[in-house]
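Here's the structure, in structure tokens; my notes come after.
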Amino acid sequence: MGGTWNRDDCQGEVVSDFFQMTQPRAAKPYRCAWCGESIRRGELHQKAAGQWEGDWQDWRMHDECYQHSVDTEELQDGFSLYEGERPEIEVLIACPS
Ligand SMILES: [Zn+2]
């Protein structure tokens, strides 16, 4: 996993200047930036590092939280740390229609 996030196929506009997603396994417990729940040690999760409107940011989310934030476009529009709702696990990654 990895590479530059690209929403061209979803026809979205990316607010970030650039950022990179990786899917590491947690070497220690982290807190999910979306729902605020813990990401357990050893759990695969999404890690983002990059620059949004000039500010460097670095956060981690559960896989399903990240996907939810992408699907709802809240990731682009801006979200409040730890205030999201952890979604049911979904396998599908759908582009907004
Ligand atoms: Zn979460």
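So that you can map any letter, position 45 of the sequence shown is 45 in my numbering, and since no number is skipped, the others follow by simple counting. Just so it is clear, CB atoms sit at the ideal spot from N, CA and C, and this is done for glycine as well.
Within the same chain, show all residues whose beta-carbon is closer than 6 Å to that of residue 47, passing over the 5 residues directly before and after it, in chain order.
Closer than 6 Å at Cβ, skipping near neighbours: 22, 24, 60.
Can you tell me which residues fall inside 5 Å of ligand 1, judged by beta-carbon distance to its nearest heavy atom, and keep chain order?
In chain order, the qualifying residues are 32, 34, 35, 62, 65, 86.
Tell me the DSSP secondary structure of residue 25 in three-state form.
The DSSP-derived three-state label of residue 25 is strand.
Please state whether DSSP places residue 38 in a helix, a strand or coil.
The answer is strand: DSSP assigns residue 38 an E or B state.
Which residue from 52, 41, 54, 88 puts its Cα closest to that of residue 104?
With the chain represented from 1 up to 97, any question about residue 104 goes unanswered, as that position is not in the structure.
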